[in-house]
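Each remark here refers to the structure printed beneath this line.
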Amino acid sequence: MALGSPEERGSEAKMDADNLYREEIVTDRRVGTLRMMTPIKSDGSADTARPTLFIGEAQIMTQAGPLPINFEIEAKNLAEAVANFGDAAKEGVERTVRELQELRRQQQSSIVVPGAGGMGGMGGMGGLGGMGGGKLQLP
640 MALGSPEERG
650 SEAKMDADNL
660 YREEIVTDRR
670 VGTLRMMTPI
680 KSDGSADTAR
690 PTLFIGEAQI
700 MTQAGPLPIN
710 FEIEAKNLAE
720 AVANFGDAAK
730 EGVERTVREL
740 QELRRQQQSS
750 IVVPGAGGMG
760 GMGGMGGLGG
770 MGGGKLQLP
């Protein structure tokens, strides 16, 4: 699990006792999976003051293999989440494709900086044994 802010990464991981959820997996074993996140209190009892969250999971096939897609589903109950799965999945796939296209655009437009070092100023030649320059650095 990834920790968010630099403060969280630099310190001991501590769970938020006021933001706990019980997770249940629901699937049709064909199209995708729903994660039903039921809010609970720190004693494990249901927290009816907060709404249940529904997270959809699906995969799209790419040239590099399957790419998992996660997306929130607006719903008040499981039946509504199941009914809304298709539209939410479509939006999730479209969002992911836009993000991938933006990453590709950023990578293509980034400035290429030759590696420093190398043998006798031959940074672009790579040096011996893979040492030195010649490696492209992309942000």
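Offset between the sequence shown (1-based) and this note's numbering: plus 639.
Glycine included, every Cβ here is placed at the ideal spot set by N, Cα and C.
Assess, as a yes-or-no matter, whether the stretch 679 to 686 is touched by the stretch 694 to 714 under the definition of 3 or more beta carbon pairs within less than 8 Å. no
What's the call for M700, buried or exposed, on a 16-neighbour Cβ count within 10 Å? The Cβ neighbour count for M700, taken over all protein chains shown within 10 Å, is under 16; the residue is labelled exposed.
Less than 7 Å separating the beta-carbons of F693 and A714? A contact, by the Cβ cut-off of 7 Å.
With 16 other Cβ atoms within 10 Å as the buried cut-off, status of A697: buried
Burial state of M675 (16 or more Cβ within 10 Å): buried
Compute the distance between the beta-carbons of L659 and A720, then report whether it is under 7 Å. no
Straight-line gap, G671 to E738 (C-alpha atoms, nearest Å): 21 Å
Got a sec? Which residues, its chain only, sit under 6 Å from K680 by beta carbon, not counting five neighbours each side? For K680, the CB contacts under 6 Å within the same chain, skipping 5 residues up- and downstream, are D686 in chain order.
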